[in-house]
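Enquirer: These protein sequence lines map, in sequence, to chains A and B.
Be aware that the first sequence starts at 41, since it is given in the numbering used here, and climbs by one per residue.
Be aware that the second sequence starts at 2, since it is given in the numbering used here, and climbs by one per residue.
Where a beta carbon is used, it is the ideal one built from N, C-alpha and C, also for glycine.
Since we're looking at a predicted model, the values are computed, not measured.
Just dropping this structure here.
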Amino acid sequence: MSSYRNSESHPPIMQGSPPAMPVPKTAWDMPPWNRWAFQHVREIVPTAEVWRGEGPVRALPRLETDLDGLAVVDSAGKPTTLSGLLDETYTDGLIVLKDGKIAYERYFNAMTARTPHLSQSVAKSVTGTVFGILAGRGVVDPKKLVTDYLPELAATGWNGATVQHVLDMTTGVRFSEAYTDPYSDIGQVDVACGWKPVPAGTDPAFKWPRHVFELILGLTETTRPHGAAFEYRSIETDVLAFVMERATGKRLAQLVSEELWQKIGAEESACFTVDSAGYAVADGGFNATLRDYARFGQTILEDGAGIVPAGWIAETRNGVHGPNYSASMPEGSYRNQFWIEDPRSRALMCRGVFGQLIHIDWDTGMVTVKLSTWPEFTSVAYSVATLKAVHAIADALA
Amino acid sequence: MTSPTAFERMFGFARKDVMLGNWREQPFNRWAFQNVGEMVTSARISAREGNLEAAPVDLGGLLGETLDIGGRSETALAFLERSSTDALTVMKKGRFVGDWFAPTMKAEARHIIFSISKSLTAILAGALEGEGKLDPDAPVTAYVPEAAGSVYANATVRHVLDMTVSLDFEEAYLDPESLFARYRRATMWNPGGGAESLCEFLVTLKQLDEPHGRTFRYRSPNSDLLGIIVERASGQRYAELMAEKLWRPVGAKRDGFVTVDKEGTARAAGGVSVAVRDLARVGEMMRQGGTTEGGRILPQAWVEDTIHAGDADAWQRGTMTNLFAGGRYRNKWYQTGNASQAYCGIGIHGQWLYVDPKAEVVIAKMSSQALPVDDPLDLDNGAFFEALCARV
């Protein structure tokens, strides 16, 4: 089915009692269902709370500029306004912090300031940041072997890999990220992590992993030596999370709560989807409000604000840039679970499929968060147009 | 091997041992009753933003007081432990006088309240009645036309509210093959759920060979249907309606949650999880005749009706006279029939919201008792509340 833009009429997804258009469990992340589902993940899959604690909310002062009519380009490179681009790219929420103040904040598609929104692989950067905090205290060490923490992974492709390889997604483990193939490794993650039932029409003899750790234990092959090349594979982040859980004896949702969400002055508790063994899906199951994602980005921008080690963030920005990191960022890099936009700005980015972005730019003092529900997993054209808009906003606010 | 985690030391099992197939059984329920959202899909009942709960107050000397509980002398603390209590909050004249938490429960945690959810659902019905949006005397089919082929075809909302529907359904909590098991799968509470929705299940239920309105028959599907009735009457979904009509005005400090089925239909009969003090605030609102500092939530007449009216004969024809010999059930609340005129909401595994209007005391107790229904222990709970109200 096709999706609908904010400017188009909204089909009555999950409207009514019971709803005439219930979201199918088999396709909740697909168009048009994702337009409702990414704001209601708790109603679709089991979740664990990431408690915000009882501390004060970090105030975000307002110094707003109306950027609705700002001249930007659309995904075809044609002139449009920022409002037009946000509509074209299925935006649910956009916020811009400039020097820690809210310069621009918009919600669409029934999203509100209190709505948690799935951020897909932004979860990787959140998880990686908590790793950095733990590393700063010496609880974990990126130079150690994965098997120093998870001895049972000696029988897998991670044997001999360091945690730093996992952080940078440079282990040689074979893992297929083909999103549309149900039997691909990422397709099996969908079942193992509890997001989807076993797809209809698949081979009944196929043995689906019962949970994420079982899937990891089944990944025994490598395609190249560890450290030889960057290859984006979601499962690396799950291995990272299991390292952290094993080293601390705490569950990921608790770690993110204690190390970040209770410290950054979050307005709302967040949540992670959990698999049947209770594992919080570090590679893409995190949900939080637009402003709390911005507070997370602002914490990074402030070189950790005393919460994340400044040295860890500096190190994260020192990725090795080379060709072929990403079609939408030809000069990009990947380090410690963050994307780096280019070697000049060394702006950090958290990115998730279907249009999730946190852009953290030290040159402009800006944090931009865009939460979306694109009809496709990935879109180079939408990504490029969005990044151009971030820079146009920066110029307008300069 | 790795050493046990703090979780494993606290609970005696690993998180991965808790599954949809065992989450309501001991020892797993001790953890799962506070983390239902990890087991079952849930919708948020949002509290007002920025509400922060005050620190718990020590129950102090009350814990050590020896009480007469069913002929047995026992300290309050000993009874709390014997009845697998996870949390207890006591209010007197509208003030929190004490809280108690088991080592396995934190003050900020939510806990499932099971059938006290029914009492909350009926509050929504009362609020809608006050707005003229719901008529208790109307037929169920005025709100749920598709119930026309079911037991509810000739039942009224009043029958649903008072559990006097002549429903052919047994609450066989422990039999996996029963109609009850099909019901549990529809609610997503048991493995294998999601084929049939809760609403689809409800409209297949059949009537006994007896008219409605005669006998008190405690049957949870009635209350799930009431959840759908209040949705139809209001045009809102349950969690949103609860947030607007009850959770925000009552001054709840933490979001509540309610489990939902594949269509987002709430388990109005038993799926609500809340913080213990927030539950007590609901009892205090009832004690105040339907008002809070935030204004009126329920018509005074609805509250008076709930705590005084109801059919004593229907109760006598029912099967719960062992719990309250002279009791009544009205609008999904129990009247104890005791001299205190106390009334309460009760949920399986030891959930209680107990209001003693004469002593001006409200008690909320959350537990993870081994059995869903434990007659001797339920009686002891009643005796405990009576004794405690006299001491507060």
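Where in the stretch 53 to 101 of chain B do unbroken runs of the alpha helix (DSSP H), each at least 4 residues long, occur, reported from the N-terminal end onward?
Expert: Runs of the alpha helix (DSSP H) inside the stretch 53 to 101 of chain B: 77 to 83.
Enquirer: Please name the residue or residues paired with residue 331 of chain B in a DSSP beta bridge.
Expert: B/334
Enquirer: In chain order, what are the residue ranges of uninterrupted beta strand (DSSP E) at least 3 long that sit wholly in the stretch 257 to 323 of chain A?
Expert: Entirely contained in the stretch 257 to 323 of chain A, the beta strand (DSSP E) runs reaching 3 residues are, in chain order, 310 to 313.
Enquirer: Cβ atoms of residue 29 of chain B and residue 8 of chain B: under 8 angstroms apart, would you say?
Expert: no
Enquirer: By DSSP's criteria, residue 145 of chain A is part of a beta bridge. Which residues make up the other side?
Expert: In the DSSP secondary-structure assignment, residue 145 of chain A is bridged to A/135.
Enquirer: Are the C-beta of residue 53 of chain B and some C-beta of chain D separated by less than 8 angstroms?
Expert: This model lacks chain D altogether; the protein chains it does include are A and B.
Enquirer: Residue range of the beta strand (DSSP E) that residue 346 of chain B falls in?
Expert: Note, residue 346 of chain B: beta strand (DSSP E), 344 to 348.
Enquirer: Which residues of chain A have a Cβ atom closer than 8 angstroms to the Cβ of residue 38 of chain B, listed in chain order?
Expert: 82, 86, 87, 88, 89, 311
Enquirer: Against chain A, with Cβ distances strictly below 8 angstroms, would residue 16 of chain B count as a contact?
Expert: Yes, residue 16 of chain B counts as interfacial toward chain A.
Enquirer: Bridge partners of residue 258 of chain B, per DSSP?
Expert: B/45, B/274
Enquirer: What residue range is occupied by the uninterrupted beta strand (DSSP E) comprising residue 233 of chain A?
Expert: Segment: none, residue 233 of chain A is in no beta strand (DSSP E) and carries neither H nor E.
Enquirer: With a threshold of 8 angstroms between beta-carbons, can residue 44 of chain B be considered close to chain A, or not?
Expert: yes
Enquirer: Just to confirm my understanding: we take residue 57 of chain B, look at its own chain, exclude 5 residues before and 5 after, and list those with CB closer than 6 angstroms. What are they?
Expert: 100, 108
Enquirer: Residue 422 of chain A lies in the alpha helix (DSSP H); which residues open and close that run?
Expert: 420 to 437
Enquirer: Quick check: what's the CA-CA separation for residue 285 of chain A versus residue 221 of chain A?
Expert: Computed Cα separation, rounded: 30 angstroms.
Enquirer: Taking the CB atoms as reference points, tell me whether residue 154 of chain A and residue 38 of chain B lie closer together than 8 angstroms.
Expert: Taking 8 angstroms as the Cβ cut-off, residue 154 of chain A and residue 38 of chain B do not qualify as a contacting pair.
Enquirer: Please state whether DSSP places residue 307 of chain B in a helix, a strand or coil.
Expert: helix
Enquirer: Under a CB-based cut-off of 8 angstroms, is residue 314 of chain A close to chain B?
Expert: yes
Enquirer: Confirm, please, whether the CB-CB distance from residue 159 of chain A to residue 46 of chain A is below 8 angstroms.
Expert: no
Enquirer: Nearest CA to the CA of residue 398 of chain A: which residue from A/341, A/176, A/209, A/58?
Expert: A/341
Enquirer: Assign residue 301 of chain B to buried or exposed, taking buried as 16 or more other Cβ atoms, counted over all protein chains shown, within 10 Å of its Cβ.
Expert: Residue 301 of chain B comes out exposed.
Enquirer: Taking DSSP as the reference, what is the three-state secondary structure of residue 377 of chain B?
Expert: helix
Enquirer: Please list the terminal residues of the continuous beta strand (DSSP E) segment that includes residue 379 of chain A.
Expert: 378 to 380
Enquirer: Assign residue 39 of chain B to one of three DSSP states: helix, strand, or coil.
Expert: Three-state result, residue 39 of chain B: helix.
Enquirer: What did DSSP end up calling residue 176 of chain A once you bin it into helix, strand or coil?
Expert: helix
Enquirer: With 16 other CB atoms within 10 Å as the buried threshold, where does residue 329 of chain B fall?
Expert: buried
Enquirer: From the DSSP output, read off the bridge partner residues of residue 366 of chain B.
Expert: B/89, B/353
Enquirer: In its own chain, which residues sit with a C-beta less than 7 angstroms from the C-beta of residue 353 of chain A, not counting the 5 before and 5 after it?
Expert: 340, 343, 344
Enquirer: Over the uninterrupted beta strand (DSSP E) stretch that includes residue 399 of chain A, give me the two end residues.
Expert: 396 to 401 is the extent of the beta strand (DSSP E) around residue 399 of chain A.
Enquirer: Indicate whether the contact test is met: 3 or more Cβ pairs, each with one atom in the stretch 140 to 153 of chain B and one in the stretch 173 to 188 of chain B, closer than 8 angstroms.
Expert: no
Enquirer: Counting only Cβ pairs nearer than 8 angstroms, list the residues of chain A close to residue 6 of chain B.
Expert: 289, 290
Enquirer: How about residue 161 of chain A and residue 251 of chain A: do their beta carbons lie closer than 8 angstroms?
Expert: Cβ distance not < 8 angstroms, so residue 161 of chain A and residue 251 of chain A don't count as in contact.
Enquirer: Sorted by chain position, which residues of the same chain lie with C-beta nearer than 8 angstroms to residue 130 of chain B's C-beta, five sequence neighbours on each side aside?
Expert: 136, 137, 300, 303
Enquirer: Looking at chain B, which residues of the stretch 45 to 68 of chain A have a Cβ within less than 7 angstroms of any of its Cβ atoms?
Expert: 54, 57, 58, 59, 62, 65
Enquirer: Using a C-beta to C-beta distance shorter than 8 angstroms, which residues of chain B count as neighbours of residue 97 of chain A?
Expert: The CB of residue 97 of chain A comes closer than 8 angstroms to the CB of 51 in chain B, given here in chain order.
Enquirer: How should residue 175 of chain B be labelled, buried or exposed, when 16 other C-beta atoms within 10 angstroms of its C-beta is the threshold for buried?
Expert: Label assigned to residue 175 of chain B: exposed.
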